[in-house]
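Data first, discussion second: the structure below is written as structure tokens.
In full-length UniProt numbering, the protein residues as written are 1 to 530.
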């Protein structure tokens, strides 16, 4: 009753649903990362779900284009504006623009989100957009959009937790332009026991696949990348220090020049005062000698005292200027030494960065070579499996044929013995076991010769087994005492089917020698010989 009287806003419901599913997906993603303790790749299902959810969050309430010919506001255009507030995002935007496999705006936006997550800066970049909401988001979103509401603060708090996750996503190999998949909510509603069982199965499958080498390579790659980031930060700090010291050195040089000029002026003034004092002293001496007036002596003495006081003050100022000059010279020497040390440190850091980049390139090359070898092994294994299945099928067919021939031989032999007993003909001196052993030896020799004649076994992979004709006992001799074996078929034109090794020997003697076509079956070849 309350829901019908006070219906909720559909936009508010959509925002609430997006916030809730974002909480579930990020929670599952963090649990999976902590449980595995490994780097997540693009095949990880919760990570795929997270990108789908964050795409819906950023795309909620985007303004449509104005008019038929007006420009449409795309998510990619919004993400490009991040570099206006975060200059470090320029590298991501430039990398996405240079991707050869991505052609659409939504594909570039997906690639941007993946690279930002790998750099652990996704929450910072989106927070910069939220802080400049009035400047950047108003022209892209409707007023009811999630990015314009207060609920986006909850999303930002959730995204901060993703900075503990390490991701290794190959953006070039993914099809980012096509439609993304859907989220299976049953994964987030399962019980804890089901989750533990699935995790154990996943761990066992990962261990069975032999990922030890790949894990070591990834660990080394992560370490090198982290070390590279620290070195870049150190180089930036050192460059800032060098600039500040250069500025300070320039200012100190200017102060030193001013002090030198002042010192020269004071020295000139001091020299002039000394000359004046000497002249005054000479004048006073001459005046004293010329007129011994006491009053004039007193005046001259007062003048001399004044000049002596000024001279002492000038000497003090000169001494202070000398001290200041020496201090400035020592400071300049120290700054020069510091500059040389900083330049040497910068060169060493640059050499270290170059060597680390070479190691990273070598590791990437090794990774690609291992992946190529793995693909070749999988292809070869598939081909061998198909060949084994074909050989097993052929072996089963041959076994069935031999069993049917054996049964027919035994049944016909019993019938022959019964007929001989009824007609009173002698059966023969040899026992069935000895005759069968000799006939089997002859059959093996005939089969070996036949295989040598038909060529390599590769050409007979796809043999067609014809139906076995019925057995006609009149075409074979009744006992070993017979001297001549029949060499033609009966009047009905049916092929004589051997039922024992002895019958195979008789058939081989009756066949003329002529070339055989290895592309046909044994039964077709026997019909051509007849």
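All C-beta atoms in this analysis are idealised placements derived from N, C-alpha and C, irrespective of residue type, glycine included. Keep in mind that this is a model prediction, so the values were computed, not measured.
When DSSP labels each residue in this structure, what does residue i get in the three-state scheme?
i           : result
residue 167 : strand
residue 77  : helix
residue 191 : At residue 191, the pLDDT of 39 sits below 50, so the modelled position is not reliable; the number obtained from the coordinates is stated separately. If DSSP states are grouped into helix, strand and coil, residue 191 belongs with coil.
residue 236 : helix
residue 8   : coil
residue 387 : helix
residue 481 : Confidence at residue 481 is low in this model, with a pLDDT of 45, below 50, so its placement is unreliable and no value can be given for it.
residue 353 : helix
residue 183 : coil
residue 535 : Residue 535 lies beyond the stretch modelled for the chain, which goes from 1 to 530, so this question has no answer here.
residue 39  : coil
residue 13  : helix
residue 490 : Per-residue confidence for residue 490 stands at a pLDDT of 43, beneath the threshold of 50, marking its modelled position as unreliable; no derived number is given.
Verify whether the separation of the beta carbon atoms of residue i and residue j is less than 8 Å.
i           : j           : result
residue 147 : residue 162 : no
residue 328 : residue 263 : no
residue 307 : residue 280 : yes
residue 40  : residue 167 : yes
residue 578 : residue 176 : The structure shown does not extend to residue 578, since the chain spans only 1 to 530, so no value can be given for it.
residue 24  : residue 188 : yes
residue 259 : residue 321 : yes
residue 82  : residue 89  : yes
residue 242 : residue 349 : no
residue 122 : residue 113 : yes
residue 106 : residue 75  : yes
residue 314 : residue 269 : yes
residue 273 : residue 311 : yes
residue 52  : residue 183 : yes
From residue i to residue j, what does the alpha carbon distance come to, in whole angstroms?
i           : j           : result
residue 283 : residue 276 : 10 Å
residue 233 : residue 240 : 11 Å
residue 79  : residue 85  : 11 Å
residue 338 : residue 331 : 10 Å
residue 21  : residue 358 : 43 Å
residue 405 : residue 383 : 33 Å
residue 165 : residue 185 : 22 Å
residue 60  : residue 365 : 41 Å
residue 309 : residue 302 : 11 Å
residue 93  : residue 26  : 25 Å
residue 345 : residue 73  : 49 Å
residue 127 : residue 361 : 34 Å
residue 47  : residue 151 : 22 Å
residue 77  : residue 44  : 28 Å
residue 402 : residue 444 : 13 Å
residue 42  : residue 238 : 37 Å
residue 156 : residue 125 : 10 Å
residue 15  : residue 109 : 21 Å
residue 351 : residue 367 : 24 Å
What do you get for residue i, buried or exposed, if any count of 16 or more other CB atoms within 10 angstroms of its CB means buried?
i           : result
residue 481 : Caution is warranted here: a pLDDT of 45 is assigned to residue 481, below 50, making its placement in the model unreliable, and the coordinate value is therefore given only provisionally. It counts as exposed.
residue 18  : buried
residue 396 : exposed
residue 143 : exposed
residue 354 : exposed
residue 149 : buried
residue 100 : exposed
residue 496 : Annotation note: pLDDT 48 at residue 496 (below 50); position unreliable, no value reported.
residue 49  : buried
residue 32  : buried
Taking 8 Å as the threshold (beta carbon to beta carbon), is residue i in contact with chain B?
i           : result
residue 126 : Of the chains in the structure shown, none is chain B; there is only one protein chain.
- Item | Those runs of the beta strand (DSSP E) which lie wholly inside the UniProt domain "RUN" (41-174) and span at least 3 residues | none
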